[in-house]
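Inspection log for the structure reproduced underneath, given as structure tokens.
Here you go:
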């Protein structure tokens, strides 16, 4: 970022299944951060985003607005194609509606791509040229950053790391295919396998707390597939740093990271490895990344 | 490529395990193409490359020289780290020796990356912004092209598609890890499995010619893993076009491509797909790509 551009005040919005967040980024500093619950339905979501934006800006002039949102996006038209956790936003023209509500142009970005951008420029991958971000939570998402920019790919599917096939013929994934990383290593996959193993529902935090052989086997299984997937990507995309975020990765902390790293190394004998790091920006990553996306778009 | 740069005459060299090739590229036209056997040993290889270069140039002034070579490269130092099919080139300062022999600066590129670049700009992926090239021959290599340039990655490992883990715990690969794409879908892997199934050595061309259930099962197996790997990459790197080259892919032709495509589609239910195409530039891809690499380097 050049000095002139980064001194501009940029608004970042983050639309999640349960929360909406807004933040104001000047240079590398987050001047304001507000959160509120996500309402149901497209029109209500747009109103809530606009209110959060005005609250975060608090009258300061904003030069650019970025919005991070789940779901496969049609970047050209600014439309959310579908978002499983946001009913009512199927094929919704989110960008145009929000631009009308704010009276400002809006840049949209996939939420995982936005977090990847934030960690790349201002978080755990700071200083790298190429980095990979993987978020392990209910599902698994990610972002590929090349030369400081999000690699969206030809169809906007770039960075969908959760859908790498890691176990041919494995469990059915929400995407309709079998053996995706998400289907064997996400929070939902862990809970599916824990419920089967224990015969009752066991949430992920309880799994991390338990010290029995079953919990260990479940976590080693998920960590093994994560390490395998990251090792595969090291040989195709070859990032300089790999950042892990999301509730499951951060909930497991350094201990879970070491399990992932052990599998990652075991799949990279003879190859060079990028360091694995935990994400640093926490719940603010989304708004910071959305603001950075708007700033980068203004530049190009 | 701008008109001015592409009108310059660039020399492309391609160092293979059995053949050395040299070609002269002006604009999009290959003015000359010469081939000779690869001698043993670093010094002899440098002499043969220089002779092939002079023969191809035939006295015309050359503005840039590119060399495609196998093996993991140290791009910064211009050194071939190791190349299984080129004994005597371990940690060999190939670029410096060739520059001394030619009296011209030389740009080196991994041979699969060079072929990827050639197919992207002048072959089967012409017109695409991002493309993926996979070469299936004795081994499996590849190249990732983003915005018209090779993605080398942080450690020069970018595009090593043959080492994606596609079958956890699967056969041991030459790289020392298990279940790599190369270990289950390359020419050598097919011949290993054919020798076991038939109880005698069966070369790949014979496998393609046979119509029995065993040959069909062997080829379907390899095609299945290729399709799975390409589908995984569609969701992370999201190319606009995927190009398949190399002796095994081209030897199998449209029939083998259809088997790969069937697996590729089966792993991409609900996702957008890039078209799969066979490589078009044949044995000239290496020298064309090496010349393009030199041209692009001169530009930046």
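Residue numbers (the working numbering), protein chains in the order written: chain E, 1 to 300; chain G, 301 to 600.
Yeah, the Cβ is synthetic: ideal placement off N, Cα and C, and Gly gets one too.
query, result
"Cβ separation of residue 12 of chain E and residue 243 of chain E, assumed to be a contact under 8 Å, to the nearest whole Å", "Not confirmed; about 18 Å, so no contact."
"Presumed contact (8 Å Cβ cut-off) between residue 231 of chain E and residue 264 of chain E, rounded CB distance", "5 Å"
"Reference residue 595 of chain G; option with closest CA among G/408, G/337, G/346, G/534", "G/408"
"Three CB pairs or more closer than 8 Å across the stretch 578-593 of chain G and the stretch 420-440 of chain G", "yes"
"Residue 421 of chain G - DSSP class collapsed to helix/strand/coil", "helix"
"Selection of the stretch 524-551 of chain G by Cβ proximity to chain E, strictly under 9 Å", "524, 525, 528, 529, 531, 532, 533, 534, 535, 536, 537, 538, 539, 540, 541"
"Boundaries of the alpha helix (DSSP H) in which residue 288 of chain E is found, first to last residue", "285-299"
"is_contact[residue 444 of chain G, chain E] using C-beta, thresh 8 Å", "yes"
"Candidates G/566, G/399, G/368, of which the one nearest residue 347 of chain G by Cα", "G/399"
"Enclosing alpha helix (DSSP H) for residue 53 of chain E [first to last residue]", "42-57"
"Residue 18 of chain E burial status per 10 Å Cβ neighbour count (16 or more: buried)", "exposed"
"Cross-chain neighbours of residue 599 of chain G in chain E, by beta carbon under 9 Å", "Simply none; closest approach about 16 Å."
"Segment contact, 8 Å Cβ cut-off, at least three pairs: the stretch 191-202 of chain E with the stretch 101-118 of chain E", "no"
"Cut-off 6 Å between Cβ atoms - residues of its own chain near residue 145 of chain E, not counting five sequence neighbours on either side", "116, 120, 131"
"Chain-ordered neighbours of residue 477 of chain G on chain E, where CB pairs are closer than 9 Å", "231, 266, 267, 268, 269, 270, 271"
"Residue 325 of chain G versus residue 549 of chain G - alpha carbon distance", "26 Å"
"Helix, strand or coil at residue 155 of chain E [DSSP, three-state]", "coil"
"Residue 218 of chain E versus residue 149 of chain E - alpha carbon distance", "35 Å"
"For residue 91 of chain E: DSSP bridge partner residues", "According to DSSP, which records beta bridges pairwise, residue 91 of chain E is partnered with nothing at all."
"Short CB-CB distance (under 8 Å) between residue 154 of chain E and chain G", "yes"
"CB contact check: residue 120 of chain E to chain G, cutoff 8 Å", "no"
"Inter-residue CB distance, residue 386 of chain G and residue 379 of chain G (contact presumed, cutoff 8 Å)", "Rounded, the Cβ-Cβ distance is 13 Å, inconsistent with contact."
"Nearest residue (CA-CA) to residue 466 of chain G, options G/436, G/524, G/509", "G/524"
"Residues sharing a beta bridge with residue 289 of chain G, DSSP", "This structure does not reach residue 289 of chain G, given that chain G is present from 301 up to 600, and the question cannot be answered."
"Counted within 10 angstroms of its Cβ, other Cβ atoms place residue 395 of chain G as buried (16 or more) or exposed", "buried"
"Three-state secondary structure (DSSP) of residue 497 of chain G", "helix"
"Residues in the stretch 106-136 of chain E having any Cβ partner in chain G nearer than 8 Å", "128, 129, 130"
"Residue 514 of chain G - containing beta strand (DSSP E), residue span", "Element bounds for residue 514 of chain G: not the beta strand (DSSP E) but the alpha helix (DSSP H), 513-534."
"Residue 558 of chain G, buried or exposed, once every other Cβ within 10 Å from all chains shown has been counted against 16", "exposed"
"Contacts of residue 160 of chain E in chain G (Cβ-Cβ under 7 Å)", "535, 536"
"Residue range of the unbroken alpha helix (DSSP H) whose run includes residue 166 of chain E", "Unbroken run through residue 166 of chain E: none, as it is neither H nor E."
"Near the ligand SAH: residue 59 of chain E beta-carbon under 7 Å from a heavy atom", "With respect to the ligand SAH, the structure offers nothing, as it holds no ligand at all."
"CB contact check: residue 10 of chain E to chain G, cutoff 8 Å", "no"
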